[in-house]
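Asker: My structure is below; once you've seen it, I'll send some questions.
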Amino acid sequence: MMHQKAVTLPGARHLDTVPVVPSPMPVERRWLTPGVVVLLVLTGVGLCFALYRFVFGLGASTNLDQQHPWGIWIAIDVCTGVALSAGAFTTAALIHIFHREYFHAVSRPALLTGALGYTFVGLGLLVDLGRYYNIWHPMLPSMWQGNSVLFEVGICVMCYLTVLYVEFIPVVCDRFIGDGSHPRLARYCDKTRHVVGKTMFLFIIAGVVLSCLHQSSLGNLMVIAPTKVNPLWYTPILPLLFLLSAIAVGFPMVIFESLCTAWALKLKPELSVLSALAAYIPPLLGVYLAFKVGDLVIRGSWVHLTDGSVQSTMFIIEMVFGVIVPFVMLLPVRARREPRSLFIASTLIVLGVALNRINVFLVAYNPPYASRTYFPSVSEIAVTIGMISALVLVYRLAVTHLPVITHEPD
Amino acid sequence: MDTNRRDFLKIVGLLGAGKAASALADVPGIPQEKAGPSEEAMGVLVDLPSCIGCRKCEYACKKHAGFPVDSIESYNDKSVFSHHRRPSPDCYTKINAFPKSQDGTQPIYVKDNCFHCVDPACVSACIVGALRKHPQGAVTYDASKCIGCRYCMVACPFEIPTYEYDNALTPEVRKCTFCFDRTSKPGGVPACVEICPREVMTYGKRSELLRLAREKIGANPTKYVNHIYGEHEAGGTSWLYISDVPFEKLDYVKISNTSPARLTESVQHGIFKHFVPPLALYGLLGLIMWMNRTAPQDGGGEPVLANDSPGDPSDTADSALDRDNHKAGGKP
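So the sequences go chain by chain: A and B. At position 272 of the first sequence (counting the first as 1) the number is 272 in the working numbering, and the numbers step up by one without a gap. With positions in the second sequence counted from 1, the corresponding number in the working numbering is that position plus 1000.
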């Protein structure tokens, strides 16, 4: 579907004919920078702690107990990971379904973020599952359990990960098309890209549908625990709130990650595209805010806001700094054109949605028989940081070797 | 993007393929509208006031489950009642003591174990169907299916399933099995019920146990609280309790009369109703995609943005060429 837009989205094979327009290209950078070294160390530390978990078990490496079965590996690595990968489906919908081709520059970075995000969701899950070697069981029809919310999430995430990889095929193909040193590979890539391009629209729509389904179902997960989840967050419309917040965080995540990449790789950010993208944020975030406030008012749970508990404080932080402040910040057009305010607001939204997931799955989770509160262990924190570091490393590796980022040749 | 009629036929084809995945919409064999307990459903009525806290049931439970167990005399130790103990991976039932009277001299003992819900949230939550509700009443666990996600522990309102966190390779979810190996056979009685010296527990048909409980309360209304815990809680449970102290003072969970699984399942099956909503969304997005499509040969010359775009209102190829010239902002 992308190959038709020869002018705005030339693959590498067009470069020899139309070299004028900035197009996705590998960013050639030195591999070993100080930042990369830090990330490598963090990844290594995380790997060691993950190894420790596999040898000695969850009991030895986590602070989980019989009352707190889920910790940060679920709340951050899995649930926040899924939420922050939402940029892939929101930009896919914007660019390819609503045909706002103007935003093509963010298409591939968002896709890469999504593909890597979901890959690491799977890896994070492997570390957390007690019987990780059975992770494939939900695929067996004999074990399908259609009543399970988790089954719905699992199947949708697996399908969506496949869709993301298919959507990524053209990026890999473009890398080799026109490569004189590997003529056979180049021909094969050209063919593959053509076939994939013909059917791509099917995958793009499927990706959006699958995302809507599992982003909302992720919220439905906690609806089954009415006696355990704090009333500030517990609501039957949790699935809707999860979907709306995922849609709201998609573009901020793309902006955040584009600006970070631009600064890290010393590229000029595609500011006009990013600020135009930011114009969608206030309405999307506003809808989420409206539902969130409406839910508090209708259920009358706002009375818990002033009880001075950790939960009420966290709720207020989440709403004020994660939603209201960035919402107000991005209302004026001027702020959206300013990289600094654009970055700060996007970061706040990203952190706000991350905090929301952590709140729903951990902070709000207070089972009646719990004798203590959960706080992650060193192992848990190290593995989570290692996962994030590894993701950033692979992202860097990808954009330096594959045509992902639209930039002018150095 | 060359969406045309043929492509729409492809979409229709995909809809058909989607039907195959309609497990989410309706699974054969698992009724979506949960009826009440089946006729043959068994249960246990626990008459809390007659329990003397001898903990023989804990002993019998461990022994029956094949866990290492101390001598039966060691269970006379009353010091364990100093703190609230929960069922654990190596003992599926625990006795806890609560002060009965104001002066606290005479305790009341409470037996904690799986309630074997009529409509269990853990069974609904389980991603692979490792937890199963039997018509006879028991909720059992199949470790060979389990992936170890521990969602059952999140789902259970009574916080019953426990996890073998210290087992690195083959951890299991552990909870009372209702001695399924015994109770699934005629005449079989759970180990704890069998050993109880005071006949605190009565094993029988749930419907008859409810009648018995009402009789007991009716015969001694000044003694018993007029409440059978488990008759309606969480949609009803196989284990039923009567007490002479209000249940909220005995740390019983306060929960509504419908299973928590009803809400999640109605949301889920609503979203997947006959697979129509996802397919409708698919169709709608396809329609939007088709309606917004660009001119067939090279989209370059055609304005592809609608005027309501918040960004560049004239995203032609020219403006795409120009866009890097804008210092900041999407609106030239």
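All residues carry an ideal CB built from backbone N, CA and C; glycine is no exception.
CA-CA distance, residue 1093 of chain B and residue 1073 of chain B?
Answerer: 18 Å
Asker: In angstroms, rounded to a whole number, what distance separates the CA positions of residue 1042 of chain B and residue 216 of chain A?
Answerer: 38 Å
Asker: Check whether the segment 114-128 of chain A touches the segment 77-88 of chain A, counting contact only when three or more Cβ pairs, one atom from each stretch, lie closer than 8 Å.
Answerer: yes
Asker: On the CB-based measure, 16 or more other CB atoms within 10 Å of its CB, does residue 24 of chain A come out buried or exposed?
Answerer: The residue is buried, with at least 16 neighbouring Cβ atoms inside 10 Å.
Asker: With which residues is residue 1107 of chain B paired in a DSSP beta bridge?
Answerer: B/1099
Asker: Let's see if you can read the secondary structure: which residues bound the beta strand (DSSP E) around residue 1047 of chain B?
Answerer: 1042-1047
Asker: Can you tell which of A/257, A/51, A/243 has the C-alpha that lies nearest to the C-alpha of residue 111 of chain A?
Answerer: A/257
Asker: By DSSP's criteria, residue 1239 of chain B is part of a beta bridge. Which residues make up the other side?
Answerer: B/1044
Asker: DSSP three-state call for residue 138 of chain A: helix, strand or coil?
Answerer: helix
Asker: For residue 1274 of chain B, is the classification buried or exposed, using 16 other Cβ atoms within 10 angstroms of its Cβ as the cut-off for buried?
Answerer: In this structure residue 1274 of chain B is exposed. Its beta-carbon is surrounded by fewer than 16 other beta-carbon atoms within 10 angstroms.
Asker: Looking at residue 1203 of chain B and residue 1189 of chain B, is the spacing between their C-beta atoms short of 7 Å?
Answerer: yes
Asker: Given that a residue counts as buried once 16 or more other Cβ atoms are within 10 Å of its Cβ, and exposed if not, what is residue 1305 of chain B?
Answerer: Because the pLDDT at residue 1305 of chain B is just 39, under 50, the model does not fix this residue reliably, and the value given afterwards should be weighed accordingly. By the 10 Å Cβ count, residue 1305 of chain B comes out buried.
Asker: DSSP beta-bridge partners for residue 24 of chain A?
Answerer: DSSP lists A/406 as partners of residue 24 of chain A.
Asker: Output, in chain order, the set of chain B residues within a Cβ distance shorter than 9 Å of residue 225 of chain A.
Answerer: By Cβ distance, chain B contributes 1121, 1154, 1155, 1156, 1157, 1260.
Asker: In angstroms, rounded to a whole number, what distance separates the CA positions of residue 31 of chain A and residue 347 of chain A?
Answerer: 26 Å
Asker: For residue 1114 of chain B, decide whether its Cβ has a neighbour in chain A, counting only Cβ atoms nearer than 7 Å.
Answerer: no
Asker: According to DSSP, is residue 300 of chain A part of a helix, a strand, or is it coil?
Answerer: coil
Asker: Kindly indicate the opening and closing residues of the beta strand (DSSP E) around residue 1341 of chain B.
Answerer: Residue 1341 of chain B falls outside the range modelled here, since chain B spans only 1001 to 1332, and no answer is possible.
Asker: DSSP three-state label for residue 1204 of chain B, please.
Answerer: Three-state DSSP puts residue 1204 of chain B in a strand.
Asker: Cβ of residue 1121 of chain B within 7 Å of Cβ of residue 224 of chain A?
Answerer: Taking the C-beta atoms as reference points, residue 224 of chain A is found nearer than 7 Å to residue 1121 of chain B.
Asker: If the cut-off is 7 Å on Cβ atoms, which residues from the segment 65-76 of chain A count as contacting chain B, listed in chain order?
Answerer: 66, 67, 69, 70
Asker: Output the distance between the C-alpha atoms of residue 327 of chain A and residue 279 of chain A, rounded to the nearest integer angstrom.
Answerer: 11 Å
Asker: Taking CB distances under 7 Å as the criterion, tell me whether residue 165 of chain A reaches chain B.
Answerer: Chain B contact via Cβ: absent.
Asker: For the segment 1166-1190 of chain B, which residues have a beta carbon sitting closer than 9 Å to at least one beta carbon of chain A?
Answerer: 1166, 1167, 1168, 1169, 1170, 1171, 1172, 1173
Asker: Exposed or buried, what is residue 70 of chain A when buried is set at 16 or more other beta-carbons lying within 10 Å of its beta-carbon?
Answerer: buried
Asker: What residue range does the alpha helix (DSSP H) around residue 400 of chain A cover?
Answerer: Segment 378-401, the alpha helix (DSSP H) holding residue 400 of chain A.
Asker: Residue 1140 of chain B bridges to which residues according to DSSP?
Answerer: As DSSP reads the structure, residue 1140 of chain B sits in a beta bridge with B/1132.
Asker: For the alpha helix (DSSP H) containing residue 1257 of chain B, name the first residue and the last one.
Answerer: Neither: residue 1257 of chain B is in no alpha helix (DSSP H) and is coded neither H nor E.
Asker: Is residue 107 of chain A near residue 91 of chain A, with beta carbons less than 7 Å apart?
Answerer: yes
Asker: Where are the alpha helix (DSSP H) runs, 4 residues long or more, that stay fully inside the segment 48-72 of chain A, in chain order?
Answerer: Listed in chain order, they are 58-61.
Asker: Is the distance from the Cβ of residue 1046 of chain B to the Cβ of residue 1201 of chain B below 7 Å?
Answerer: yes
Asker: For the segment 1122-1154 of chain B, enumerate the residues whose C-beta is nearer than 7 Å to any C-beta of chain A, in chain order.
Answerer: 1124, 1125, 1126, 1127, 1128, 1129, 1145, 1146, 1147, 1148, 1149, 1150, 1151, 1153, 1154
Asker: Which class does residue 1163 of chain B belong to by DSSP, given the choice of helix, strand or coil?
Answerer: It is a strand residue.
Asker: How many Å lie between residue 238 of chain A and residue 1055 of chain B at the Cα?
Answerer: 43 Å
Asker: Taking the beta carbon of residue 209 of chain A as the centre, do at least 16 other beta carbons fall within 10 Å, making it buried, or is it exposed?
Answerer: buried
Asker: Based on the DSSP secondary-structure assignment, which residues constitute the bridge partners of residue 1085 of chain B?
Answerer: Bridge partners of residue 1085 of chain B: none, in fact.
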